[in-house]
Structure formats: C-alpha cells, structure tokens
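Numbering (my numbering), first residue to last: 1333 to 1679.
Glycine included, each C-beta is placed from N, C-alpha and C at the ideal position.
The structure under discussion appears below in the form of structure tokens.
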C-alpha cells in the first residue's frame, strides 16, 4: 500500500509532536530536580546558619602565660631579629596571638558542644575533609611576659555551599577574643573549609618527545644511534664531512659518501635557554623534579669540525656557557627512543 501525502504529513506531525512532548517532559523533570536540589541545599544551609553566634569555646585559658622562651623560639623559627622582642622590656611578636591560646597535643577542655555539633553535621553531609584557609588578626595591646591569657571563641559565620578544586563544602569562621590579665588584647578570626573531596582527576599520560622523522636520507644516522654511534657523513670524492645528513655533498655535489664515527668530544658553540612553553618531555633528563622547567638547547661543535643541535645534560641550564667542553652520551628518553645528547661539566 502506498501512503498518501496527507497520511505522510499526519505521521510526521505526530512524530514531531511526540518529540516535542518528550523534550518538554525531560526539561520539566530536570527543572524539578534542580528545584528540589536547590531547596535541599537551602534547607541544609539554614541548619548551618543556626550555629552562627553560638560559642565555640568558653572561658578558655592559655596553657602557659606569655613567656620569654616561647618568644625566643618563635623568633628563631621565623628569623625575626627585631630588638623589641628581646631584653628585660621585651614584648611578644603580635602574630603570636593565636599561639598563646593553642591547646597542644592534649587539646582544650573548654571547646563548646555547639562547635562539635556543627562539625558532626557537616561530616554527616559528606564534608569529612578539612583544610585551614586563612586567618585575620587585630591587635589592641602588646603582650608581655607574665601576662595570663584567657579567651572566648564564637562561631561567626558558615558560608553557603562552595565549589573549590579540593571539593564542595562550607567555610566556617570562628572569632576568638584574646584577653591578657582580663583586658582585651586582640581578636583572631580563623577560617576552615569543611568539604567533600572531589573525585580524583584522571592522570594525564606521560609526555613523550616528538618522534624523529626517519627517511632514506638519514636512516643510516639513526641506525648508528641504535648502536650507540654518532655517524658523520663523508664525501668519498672530496672528503668533506657534513652534518646533518644530506643526499649529496654540499662542497662538490657528489652523491657518493661513507661515514666516520665521531669521537664524541665537543664544545658549546652557541646555546639558548627554553623557558616557555613548558614541555616536561624535554626537561626530565636526570631528575623528575626538574620537569617542566627551563632547559638548554646547544649548537655543539664536534672535534671533527661539524656542528649539531642537541640538549646539554649534567649541568643546570643556567650554567651552560659558550666554549664549555661536552662529551657525547646516549639518553634513553622512553622505551622506544634513545637520543644523542652531550654532558657538560661545570669546570
């Protein structure tokens, strides 16, 4: 049976209508899911916001009064030699403000249940990891040896859900008022991120050096490299040496040639240092930690008189110099490729 034009048109219209309805249904479901997710996010944040203003620590006491040995150790660790922190009238460095409130390995017994409840709530939402992000301090009076330290802390703010490279979570800020002998001496704001760790990213494949182009004109050279020989072409008519390899002599144009093996000694005739773009495959010669850093590319003049471009190994890139003696070696850069390079000496 052959369908009429009207029947074909009706079928097409029905198909289009069905597709449109399906698309609208999918869009509506997606919107509803997003709305539900947003509502749940808002509800959870409201639970977290309820902790704002609640105590994080009450009537805390410093484990030690302000003292000269801790000041001295701090200054030695920081390399701070300011004279105000030494002698009979010494004061504590202002940035030690938090140090006098820290509980050490044994912790503090004065942390409030509210702070623990907040962290437990975040743990239950999958935010099981924590990282300190920053702190802010305000100094109202100097601290001197002998000052007795007390403090109170409050949960100042809990942020909405934030997405970071570490993962998704909430920033929690506490504010600690530090007192010396009962007098307000400074304020310390400390911020952490409680987050659910992001899924690990797929490891990028190890960078590989570009493969050399091997053709009938240079195949003999690469065959020599496989045997750990650096072969130089020699014209059999005029005895002129040439490098890189060519199909004919650039002195007499003869196509006839043989090879001589280079002794391997040379000097740096010229060089450049490559800074950008970073290319790890060209820098991990001997130390993986050097990957993606600058590297030296040199024009090496061999003892036989020809010159070739190669990498310099054995010395930092910034120690390469014109006239530096170098010696041929063969570098295995991956399982399929070995290259002739030149090792330099700082002397």
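Where does residue i sit, in a helix, a strand or coil, going by DSSP?
{"i": "residue 1581", "result": "coil"}
{"i": "residue 1654", "result": "coil"}
{"i": "residue 1484", "result": "strand"}
{"i": "residue 1691", "result": "Nothing about residue 1691 can be reported from this structure: the residues present for the chain run from 1333 to 1679 only."}
{"i": "residue 1375", "result": "helix"}
{"i": "residue 1569", "result": "coil"}
{"i": "residue 1387", "result": "strand"}
{"i": "residue 1661", "result": "strand"}
{"i": "residue 1428", "result": "helix"}
{"i": "residue 1611", "result": "coil"}
{"i": "residue 1588", "result": "coil"}
{"i": "residue 1674", "result": "strand"}
{"i": "residue 1395", "result": "coil"}
{"i": "residue 1516", "result": "strand"}
{"i": "residue 1669", "result": "strand"}
{"i": "residue 1415", "result": "helix"}
{"i": "residue 1506", "result": "strand"}
{"i": "residue 1475", "result": "coil"}
{"i": "residue 1621", "result": "Annotation note: pLDDT 42 at residue 1621 (below 50); position unreliable, no value reported."}
{"i": "residue 1466", "result": "strand"}
{"i": "residue 1497", "result": "coil"}
{"i": "residue 1593", "result": "strand"}
{"i": "residue 1553", "result": "helix"}
{"i": "residue 1636", "result": "coil"}
{"i": "residue 1546", "result": "coil"}
{"i": "residue 1461", "result": "strand"}
{"i": "residue 1367", "result": "helix"}
Using only the alpha-carbon positions, how far apart do residue i and residue j sit?
{"i": "residue 1421", "j": "residue 1437", "result": "31 Å"}
{"i": "residue 1637", "j": "residue 1531", "result": "57 Å"}
{"i": "residue 1620", "j": "residue 1671", "result": "Interpretation of residue 1620 is limited by its pLDDT of 45, a score under 50 that renders its predicted location unreliable; no figure is taken from the coordinates."}
{"i": "residue 1588", "j": "residue 1576", "result": "16 Å"}
{"i": "residue 1397", "j": "residue 1405", "result": "15 Å"}
{"i": "residue 1594", "j": "residue 1654", "result": "21 Å"}
{"i": "residue 1419", "j": "residue 1445", "result": "42 Å"}
{"i": "residue 1506", "j": "residue 1402", "result": "25 Å"}
{"i": "residue 1604", "j": "residue 1523", "result": "47 Å"}
{"i": "residue 1377", "j": "residue 1457", "result": "11 Å"}
{"i": "residue 1573", "j": "residue 1567", "result": "6 Å"}
{"i": "residue 1415", "j": "residue 1393", "result": "29 Å"}
{"i": "residue 1306", "j": "residue 1614", "result": "Examination of residue 1306 is not possible in this model, given that the chain is present from 1333 through 1679 alone."}
{"i": "residue 1668", "j": "residue 1459", "result": "45 Å"}
{"i": "residue 1544", "j": "residue 1533", "result": "32 Å"}
{"i": "residue 1674", "j": "residue 1644", "result": "5 Å"}
{"i": "residue 1592", "j": "residue 1631", "result": "20 Å"}
{"i": "residue 1369", "j": "residue 1447", "result": "26 Å"}
{"i": "residue 1626", "j": "residue 1612", "result": "9 Å"}
{"i": "residue 1443", "j": "residue 1395", "result": "14 Å"}
{"i": "residue 1561", "j": "residue 1607", "result": "31 Å"}
{"i": "residue 1650", "j": "residue 1676", "result": "12 Å"}
Can you tell me whether residue i is buried or exposed? The criterion is at least 16 other CB atoms within 10 Å of its CB, across all chains shown.
{"i": "residue 1526", "result": "buried"}
{"i": "residue 1367", "result": "exposed"}
{"i": "residue 1641", "result": "exposed"}
{"i": "residue 1659", "result": "exposed"}
{"i": "residue 1652", "result": "buried"}
{"i": "residue 1379", "result": "exposed"}
{"i": "residue 1486", "result": "buried"}
{"i": "residue 1584", "result": "exposed"}
{"i": "residue 1508", "result": "buried"}
{"i": "residue 1399", "result": "exposed"}
{"i": "residue 1555", "result": "exposed"}
{"i": "residue 1502", "result": "buried"}
So with Cβ pairs under 7 Å, would you call residue i a contact of chain C?
{"i": "residue 1664", "result": "Absent from the structure: chain C. Only one protein chain is present."}
Could you tell me how far apart the beta carbons of residue i and residue j are, in whole angstroms, since I believe they sit closer than 8 Å?
{"i": "residue 1484", "j": "residue 1382", "result": "Their Cβ separation, rounded to whole angstroms, is 20 Å, which puts residue 1484 and residue 1382 out of contact at 8 Å."}
{"i": "residue 1424", "j": "residue 1475", "result": "4 Å"}
{"i": "residue 1470", "j": "residue 1518", "result": "6 Å"}
{"i": "residue 1468", "j": "residue 1521", "result": "4 Å"}
message: Within 8 Å, do at least three Cβ pairs link the region 1458-1469 to the region 1405-1420?
response: With a cut-off of 8 Å, the region 1458-1469 and the region 1405-1420 do not count as touching, because too few Cβ pairs lie within range.
query: For the 8 Å Cβ check, are there 3 or more pairs between the region 1507-1520 and the region 1478-1495?
result: Using a Cβ-Cβ distance cut-off of 8 Å, the region 1507-1520 and the region 1478-1495 are in contact, since at least three pairs of beta carbons, one from each stretch, lie closer than that value.
message: So, does the region 1448-1455 touch the region 1425-1434, judging by three or more C-beta pairs under 8 Å?
response: A contact between stretches requires three or more CB pairs, one per stretch, nearer than 8 Å, and the region 1448-1455 fails this requirement with the region 1425-1434.
query: Between the region 1536-1556 and the region 1496-1511, are three or more C-beta pairs nearer than 8 Å?
result: Below 8 Å, too few C-beta pairs join the region 1536-1556 and the region 1496-1511 to call them touching: fewer than three.
The region 1649-1665 / the region 1580-1598 touching (three or more Cβ pairs under 8 Å): Judged by Cβ distances under 8 Å, the region 1649-1665 makes contact with the region 1580-1598, as three or more pairs qualify.
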